[in-house]
Amino acid sequence: MVKGRGSASSVSAVMLLAFGILSFRVAAWVIYRSELAYITNDGYVIARIFQMLVVVLLMVSMRNRIPSKRVFIGGMVLATVATVVASAVVIFGSNGVLPPSWGMAACGLHGAASAFFFLGWGVCACIEPPSRSALSISLAFVLYGLVTLFLSFVPLGFVEGVALLSPLLCCALIVIALKGRLEKIPCGRASLRRDLDTPSRMLLGVMLACCVICAVVDVMVPESSDPSLYSFNAFWPVLYAVIFGVFFVWFVLMKKKEPDALWPMFTFVLSVGLFGFSSFFFIDTFVAGQFMRASADCIIVFSWVVVACVVYRKKLQPIFYFGLSIIIYSNTAPFPKAAFDALFPQVDFGAGSLVAIALAFVMAVALVGCTVFLSAVRKPSALPKSSQPPKAECSSLEWMKESYGLTLREIEVVDLLTRGYTMPQTGERLFISHDTVRSHVKSIYKKLGVHSKGELIDIVAQGGVR
Numbered sequence: 001m002v003k004g005r006g007s008a009s010s011v012s013a014v015m016l017l018a019f020g021i022l023s024f025r026v027a028a029w030v031i032y033r034s035e036l037a038y039i040t041n042d043g044y045v046i047a048r049i050f051q052m053l054v055v056v057l058l059m060v061s062m063r064n065r066i067p068s069k070r071v072f073i074g075g076m077v078l079a080t081v082a083t084v085v086a087s088a089v090v091i092f093g094s095n096g097v098l099p100p101s102w103g104m105a106a107c108g109l110h111g112a113a114s115a116f117f118f119l120g121w122g123v124c125a126c127i128e129p130p131s132r133s134a135l136s137i138s139l140a141f142v143l144y145g146l147v148t149l150f151l152s153f154v155p156l157g158f159v160e161g162v163a164l165l166s167p168l169l170c171c172a173l174i175v176i177a178l179k180g181r182l183e184k185i186p187c188g189r190a191s192l193r194r195d196l197d198t199p200s201r202m203l204l205g206v207m208l209a210c211c212v213i214c215a216v217v218d219v220m221v222p223e224s225s226d227p228s229l230y231s232f233n234a235f236w237p238v239l240y241a242v243i244f245g246v247f248f249v250w251f252v253l254m255k256k257k258e259p260d261a262l263w264p265m266f267t268f269v270l271s272v273g274l275f276g277f278s279s280f281f282f283i284d285t286f287v288a289g290q291f292m293r294a295s296a297d298c299i300i301v302f303s304w305v306v307v308a309c310v311v312y313r314k315k316l317q318p319i320f321y322f323g324l325s326i327i328i329y330s331n332t333a334p335f336p337k338a339a340f341d342a343l344f345p346q347v348d349f350g351a352g353s354l355v356a357i358a359l360a361f362v363m364a365v366a367l368v369g370c371t372v373f374l375s376a377v378r379k380p381s382a383l384p385k386s387s388q389p390p391k392a393e394c395s396s397l398e399w400m401k402e403s404y405g406l407t408l409r410e411i412e413v414v415d416l417l418t419r420g421y422t423m424p425q426t427g428e429r430l431f432i433s434h435d436t437v438r439s440h441v442k443s444i445y446k447k448l449g450v451h452s453k454g455e456l457i458d459i460v461a462q463g464g465v466r
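Numbering (the UniProt record's numbering), first residue to last: 1 to 466.
Structure below.
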C-alpha cells in the first residue's frame with residue numbers, strides 16, 4: 001500500500017512538472033513562433049536581451065539565499081500580469097489596433113517576465129531526483145511538440161486565448177509545485193570552482209560545446225529567414241518522443257538513478273541533424289534546414305536535464321546554476337545571427353550555401369569524434385602509479401588504507417562521507433567535533449590527491465565493490 005502511494009506521488013510529481021514546463025513553453029511559442037503575430041528578429045532579440053538582464057539580476061540578488069514565500073508568490077503574480085499584458089499588446093498590435101512600436105515594447109516586457117517562470121521551473125526541476133526531473137522535462141517537450149502541432153491548425157482566435165491563459169496556468173502550477181518546499185532548497189553561496197567535480201565539469205563542457213554548435217546553426221538557418229519557420233516544426237514530436245522513450249527505458253524499466261551515461265544520445269541527435277542537413281540539402285533545402293534546427297532544439301532538453309542532475313546531486317544553489325545555463329544556451333540563439341548580419345552583411349551564409357553545408361559536415365564529424373574520445377577515456381583518478389589492483393577478498397576501504405596510508409579514523413570518515421553523511425552528521429556518528437572531522441577530511445584529500453567529495457567517491461568505487 002505504501003509502495004502504491006509512493007508510485008502515485010512520483011507520477012503526480014512528474015506530471016505536475018511536465019505540464020508546468022509545457023505551459024511556460026507554449027506561452028512563449030504562441031508569441032514568437034506561431035502565426036498569431038509575425039514577430040521580427042528585432043523583437044525576438046529585444047525579448048532575449050530583457051530576459052537575460054532579469055536572469056542576471058536574479059542570479060546576483062539570490063546567489064546565496066532563497067526568496068521567502070511572500071516574495072516568491074509576489075514575483076510570480078507580477079510576472080503573470082506582465083506576461084498577460086504583453087501578450088494582449090502583441091495581439092492588438094497584430095490586428096492593427098496598436099502601432100508596431102508598442103509590439104517591440106511588449107516583447108521586452110514579455111521577455112523580462114519570462115525570466116521569472118524560466119528560473120522558477122528550473123528550480124522545480126533541480127529539487128527533484130534526476131530520474132524524475134529527466135522524465136518530466138522530456139515528457140514536457142513531447143507534449144510541447146504535440147500541442148504546437150495542434151495550435152498550428154486551429155483558428156487564430158483560439159491561439160489568442162492560449163496566449164492569455166497559459167501564463168495564468170503556469171503561475172498556478174509553479175506555486176503548487178513549490179508550495180512548502182522553498183525552505184528546503186539549498187542556499188549556500190555558489191562557486192563554480194568549489195562546487196563542481198570532474199564528471200560534472202565534463203558534462204557541462206559537452207553541453208557548452210553543443211550550445212556553441214546550436215548558435216552556429218542559428219546563423220545558418222535563422223528562424224526569421226522565412227515566415228513558415230515560425231510555425232510548427234514537424235520533426236519536433238519525433239525527436240522529443242525518441243528522447244522520452246530512452247529516458248523511460250533507462251529510468252523506469254532499467255531502474256537507473258542517474259542520466260550521466262546518456263549524454264552521447266544528445267550529441268548523436270545533434271550530429272545526425274548536421275549530417276542530415278549537409279546530405280539532403282540537394283533534395284530539399286528547406287526540409288534539411290528544418291531537420292537541423294529541430295535537432296539543435298533538442299539540446300535545450302540536454303541543458304535542463306544536465307543542470308538539474310548536477311544541482312540535485314551536489315546540493316547546489318539552483319537559481320544561480322540554472323540561470324547560468326539560461327545565459328549559456330537560451331540567450332545565445334538570436335545574438336550570433338544579429339552580430340553576423342551586422343559585421344558581414346554581404347556574406348552568403350544561409351541555408352544552401354556551400355560554406356554552410358561544409359561547416360555543418362565538419363561540425364558533425366568533430367562532434368562524433370569528441371563523443372567517441374570522451375566515451376573511451378576513463379574518468380581521471382588519483383590512483384598512485386605504483387598501486388596494485390585490490391585483492392578480491394579485500395574491501396575497497398581496506399585497500400585504500402593499505403595503498404594511501406589512511407588511519408583507521410580516516411577510513412571511518414571516508415566510509416560515512418561516501419554513504420551520504422555530511423560532515424556534521426559524521427562528527428555526531430563518530431562522537432567527534434566538526435573541526436576534527438574537517439581536519440580528517442583535509443588530510444584524506446591531501447593523501448588521495450582529490451579536491452571534492454565526488455572525486456573521493458570515484459576512488460572508492462574504483463577500489464572495489466563495497
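All residues carry an ideal CB built from backbone N, CA and C; glycine is no exception.
Query: Pair within 8 Å by beta-carbon distance, Tyr312 and Glu455; Result: no
Query: Separation of Gly273 from Val219, as counted between CA atoms; Result: 15 Å
Query: 8 Å Cβ shell around Lys256 - same chain, five flanking residues per side excluded; Result: Ser131, Trp250
Query: Anticipated Cβ contact below 8 Å, Val123 with Phe322, distance rounded; Result: 7 Å
Query: Secondary structure of Tyr421, DSSP reduced to three states; Result: coil
Query: Stretch-stretch touch, CB-based, cutoff 8 Å, three pairs: the segment 168–184 with the segment 16–24; Result: yes
Query: Given Ala115 as reference, the closest of Phe281, Gly75, Gly449, Ser136 once Cα atoms are compared; Result: Gly75
Query: Boundaries (first-last residue) of the alpha helix (DSSP H) holding Gly157; Result: 156–177
Query: Beta-carbon proximity of Leu448 to Val306, cut-off 8 Å; Result: no
Query: Span separating the alpha-carbon of Leu383 from that of Leu416; Result: Here Leu383 scores only 36 on pLDDT, less than 50, and its place in the model is too uncertain to base an answer on.
Query: Contact with chain B by Gly145, beta-carbon distance below 8 Å; Result: Of the protein chains in the structure, only one exists, and it is not chain B.
Query: Stretch pair the segment 47–61 + the segment 104–113: three plus CB contacts closer than 8 Å; Result: yes
Query: Ile357 burial status per 10 Å Cβ neighbour count (16 or more: buried); Result: buried
Query: Beta carbon of Ile185 nearer than 8 Å to that of Gly108; Result: no
Query: Three-pair Cβ contact test at 8 Å for the segment 366–376 versus the segment 260–277; Result: yes
Query: Run of the alpha helix (DSSP H) containing Phe286, from where it starts to where it stops; Result: 285–297
Query: Sequence-distant residues of its chain with Cβ nearer than 7 Å to Gly20 (five each side left out); Result: Trp121, Cys124, Cys170, Leu173, Ile174, Ala177
Query: Three-state secondary structure assigned by DSSP to Val90; Result: helix
Query: Supposed contact pair Met363 and Val216 - C-beta distance, whole angstroms, cut 8 Å; Result: 7 Å
Query: Buried versus exposed call for Ala261 [16 or more other C-beta atoms within 10 Å across all chains shown]; Result: exposed
Query: Proximity below 8 Å, CB of Val162 to CB of Val30; Result: yes
Query: Neighbourhood of Met59 by C-beta distance below 8 Å, restricted to the same chain and skipping five residues each side; Result: Ile319, Phe320, Gly323, Leu324
Query: Distance CB(Val460)-CB(Val441) smaller than 8 Å; Result: no
Query: Cβ-Cβ distance between Ala18 and Leu143 below 8 Å; Result: yes
Query: CA-to-CA distance, Val252 to Val11, given in whole angstroms; Result: 11 Å
Query: Unbroken alpha helix (DSSP H) run spanning Met265, endpoints; Result: 263–280
Query: Own chain partners of Glu258 with C-beta closer than 6 Å, once the 5 adjacent residues on each side are dropped; Result: Pro130
Query: Residues of its chain near Ser271, where Cβ-Cβ distance is below 6 Å and the 5 sequence neighbours each way are ignored; Result: Ala364, Leu367, Val368
Query: Contact belief for Leu139 with Val14 at Cβ below 8 Å, rounded distance in angstroms; Result: 7 Å
Query: Local conformation of Pro237 per DSSP, three classes; Result: helix
Query: Integer Cβ distance of Ala86 from Ala106, believed to fall under 8 Å; Result: 4 Å
Query: The alpha helix (DSSP H) enclosing Pro67, as first and last residue numbers; Result: From DSSP, Pro67 is part of no alpha helix (DSSP H); its letter is neither H nor E.
Query: Ile127: first and last residue of the uninterrupted alpha helix (DSSP H) it sits in; Result: First-last for Ile127: undefined, no H or E at that position.
Query: Nearest candidate by alpha-carbon position, reference Trp263, set Val372, Arg409, Leu354, Ala288; Result: Val372
Query: Distance CB(Leu208)-CB(Ile299) smaller than 8 Å; Result: no
Query: Rounded C-alpha distance that separates Ile137 from Gly276; Result: 26 Å
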